[in-house]
Amino acid sequence: MSHCICVECGVAMKPAENGVVVLELSRGEAICAWHADRWQCPLCNKKIIGGFGRKPVSERGDEYFSATVKKADHSFYHSQMMIQEDVDRQYNNEVIPCQ
Ligand SMILES: [Zn+2]
């Protein structure tokens, strides 16, 4: 069993939702989608995403990708692939899903 601890509050975070759909972004576009879990601190309500599957559930170019993008709950930039354009988009909370 995995545990997540809120560093600010020093308490265990609680699982808030399992199986959320999370898009991985590059250059402002979704490149793949993952299933993961959302955890939340019971005191400060900060949220994190963890417990990613071993493989993406869908990738750009596959049959179900557009539908998966539409039902995504969250998104993130893969830091090693991040470029300044991504930093700007993340700062502005801008997501441009793949068509
Ligand atoms: Zn907290």
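Here the sequence shown stands for residues 0 to 98, where the numbers follow the working numbering.
From the three backbone atoms N, C-alpha and C, an ideal C-beta is built for every residue, glycine too.
As the structure is a prediction and not an experimental result, all values here were calculated from the model.
Looking at ligand 1, does it come within less than 6 Å of residue i, judged from the CB to the closest heavy atom?
i: C3; result: no
i: C8; result: yes
i: C43; result: yes
i: C40; result: yes
Per the DSSP calculation, residue i is bridged to which residue(s)?
i: F75; result: E23
i: S57; result: A32
i: E62; result: Answer is none; E62 lacks a bridge partner.
i: G49; result: D36
i: P14; result: W38
Buried or exposed for residue i, going by 16 or more other Cβ atoms inside 10 Å?
i: V10; result: exposed
i: F51; result: exposed
i: D87; result: exposed
i: D61; result: exposed
i: D36; result: buried
i: C40; result: buried
Could you pull out every residue in the same chain whose Cβ sits closer than 8 Å to the Cβ of residue i, ignoring the five residues on either side in sequence?
i: H34; result: G18, V19, V20, V21, F51, G52 and V56
Spatial neighbours of residue i within its chain, please: CB distance less than 6 Å, with the 5 preceding and 5 following residues excluded, ordered by chain position.
i: L24; result: S74 and Y76
i: C31; result: E23, P55 and E58
i: C8; result: C40, L42 and C43
i: D72; result: V19 and V20
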